[in-house]
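Notes to accompany the following structure.
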Amino acid sequence: MKNSVLFAFALTTAIGSATAQPTVDVVLADNGNNQLEVRLRPTGSFDGVISNLVFTLRWQEQMSPALSMIGLIHPQSEYLPIGPLPLLNAGNGFQYRTFNAVALVPMQDLGRSWEGGVEYPVCTLDVLIPGVEVQLINDAFTTTNNRDYFVSLNGLPRTGAIYNSVIPSVHAMAVNSGNGYMDVLLTPEADYFGWVNSIDFTLRWPAGSGSFGAIVQEAPMQTILPMAKVGGEVTEGGFTYQRFHGNGNMSLAVGQSVFLANEDHRIMRLPIVGEMVDAAVASDGWTSTNEGAYDIVLNGIASAGGTDESTTSTGPLFQDIIPQMMVVGDELRVHTAANGQGFLVLSLLSANGQPIMQRRAKWGVLERFNLAGLPAGMYMLKANFEQGQVARRFVY
């Protein structure tokens, strides 16, 4: 009798907490390296039991066998043991393979948990036949045969949607960190969890003002996207140029990482040798004629946005000209340096360098820019003055 009471209490508690559990969406992503990834995306946090998972892939019947057997991905494989069912020809022009998992161990027992909005890869499949069109799908066959996408958490149905991952444009810039390093940052326009297949860019700085040492990368990024110099430094037309290249080894999701929308993500840093005020990810005549233009490929798709060509600083540091800058509500508040002399022009630019508004400013005052009506995202403030120009990005 006591056990029955405890069971009834546990069942009531589980049902009562159903609304607190997230729903779980699913995506099949082609990572551009002849490989598919299945990822789950919860709408909220969760650390219990993924009690059931079912999804089905289909492709043209004449292109079978089209896929390898699945490769499970750590650490999701610890708490979600996915396995395939036999391949089926449905007689409708498609081959189908269903995958399922029944888990018994709570994620929290393994020290794991989910965060809402994050894509968690659960398996990969190699594409064996080029040109095959693989879909993760619910259709008449999967519905009739109980093979539709389905998820239950703690024994309760929490099935979300089948969706497509976004491939965002990615902006690139170089920033003097002020501690002896030049940082190279990537800023995507949307959250990205996929594969950075390749990246190429060139840094440019005034000739005779310094040089760069060996590339430094943090361990996770070096594993996901190792970077290397291409050739040596080249000086031409009053500037020095250095090309860089990187080939991705895995998707960000598999590497347990993510490029969050409108945030700067450092892919590498370079020790500054000598004196160097600033450098830029260049987009000029030299880069266009020397295979040095900025290019980034995400999941096999060219995705290069703008560079910081229009934000290159010359002369003093940004903080010497703009000691303080902040967004308050719908207003950008800019404090200009009290000891400045000569003209000062402040420009508000979009993330790709397009001018939005401009004004002649004064030194030692608080300038206010009304941002109401502008879409949320990344912007730049550029200050032009007699000694040069400085610029900095900000998020509205």
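Each residue of the sequence shown is one higher than the one before, counting from -3 in the working numbering. The beta-carbon is built from N, C-alpha and C at its ideal position, and this holds for glycine as well.
Original post:
Given that a residue counts as buried once 16 or more other Cβ atoms are within 10 Å of its Cβ, and exposed if not, what is proline 18?
Top reply: For proline 18, the number of other beta carbons within 10 angstroms of its own is at least 16, and it is reported as buried.
Original post:
Beta carbon of alanine 203, beta carbon of threonine 231: below 8 Å?
Top reply: yes
Original post:
Which of the three DSSP states, helix, strand or coil, is assigned to alanine 168?
Top reply: strand
Subject >> Rounded separation between valine 128 and threonine 140 - CA only >> reply: 25 Å
Original post:
Going along the chain, which unbroken runs of the alpha helix (DSSP H) with 4 or more residues stay wholly within the region 61 to 148?
Top reply: 72 to 75, 136 to 140
Original post:
Between which two residues does the beta strand (DSSP E) carrying tryptophan 201 extend?
Top reply: 192 to 202
Subject >> Inter-residue CB distance, tyrosine 145 and threonine 198 (contact presumed, cutoff 8 Å) >> reply: Actually they do not touch by this definition, with Cβ atoms about 45 Å apart.
Original post:
Should arginine 356 be labelled buried (16 or more other beta-carbon atoms within 10 Å of its own) or exposed?
Top reply: exposed
Subject >> Three-way DSSP call (helix, strand, coil) for aspartate 316 in this model >> reply: Secondary structure at aspartate 316: helix, using DSSP grouped into helix, strand and coil.
Original post:
If you run the structure through DSSP and keep just helix, strand and coil, what is glycine 156?
Top reply: strand
Original post:
Is it right to say methionine 65 is buried, meaning 16 or more other beta carbons lie within 10 angstroms of its own, or is it exposed?
Top reply: exposed
**OP:** Could you tell me the distance, in whole angstroms, from the CA atom of leucine 266 to the CA atom of arginine 239?
**Re:** Between the C-alpha atoms of leucine 266 and arginine 239 there is a straight-line separation of about 13 Å.
Original post:
Which same chain residues, not among the five before or five after methionine 322, have their C-beta less than 7 Å away from its C-beta?
Top reply: Same-chain partners within the cutoff: Arg329.
Original post:
Thinking just about the alpha-carbon of each residue, which of Ala86, Trp282, Ile46 is nearest to the one in asparagine 96?
Top reply: Ile46
Original post:
Near proline 222, which residues of its chain fall below 8 Å by C-beta distance, leaving aside the five closest residues on each side in sequence?
Top reply: Gln213, Gly242, Asn243, Asn245
Original post:
What residue does the beta strand (DSSP E) around methionine 264 start on, and which one ends it?
Top reply: 261 to 269
Original post:
Buried or exposed: asparagine 324, going by 16 or more other Cβ atoms within 10 Å of its Cβ?
Top reply: Going by the sequence as given, residue 324 is valine instead of asparagine. Its Cβ having fewer than 16 others within 10 Å, valine 324 is exposed.
Original post:
Nearest to alanine 257 by alpha carbon, out of Ala186, Gly281, Gly301, Val226?
Top reply: Ala186
**OP:** Per DSSP, which residues does serine 207 bridge with? Please list them.
**Re:** Its beta-bridge partners are Val269.
**OP:** State the Cα-Cα distance for the pair leucine 182 and valine 192, rounded to the nearest angstrom.
**Re:** 11 Å
Subject >> tryptophan 282, DSSP secondary structure in three states >> reply: Reduced to three states, the DSSP call for tryptophan 282 is helix.
Subject >> Member of Ile268, Phe390, Leu344 whose CA lies at the smallest distance from the CA of glycine 206 >> reply: Ile268
Subject >> Residues bridged to valine 230 [DSSP beta-bridge criterion] >> reply: Beta-bridge annotation (DSSP): valine 230 is paired with Tyr237.
Original post:
Which residues mark the beginning and the end of the alpha helix (DSSP H) in which proline 216 is found?
Top reply: 215 to 220
Original post:
Which class does glutamate 185 belong to by DSSP, given the choice of helix, strand or coil?
Top reply: Glutamate 185 carries a coil assignment under DSSP once its states are collapsed to helix, strand and coil.
Subject >> Where leucine 7 sits in the DSSP three-state scheme >> reply: Its pLDDT being 36, under 50, leucine 7 is placed unreliably by the model, and the measurement read from it follows with that caveat. Reduced to three states, the DSSP call for leucine 7 is helix.
**OP:** Under the assumption that glutamine 31 contacts aspartate 122 (Cβ atoms under 8 Å), give the Cβ distance between them as a whole number of angstroms.
**Re:** 5 Å
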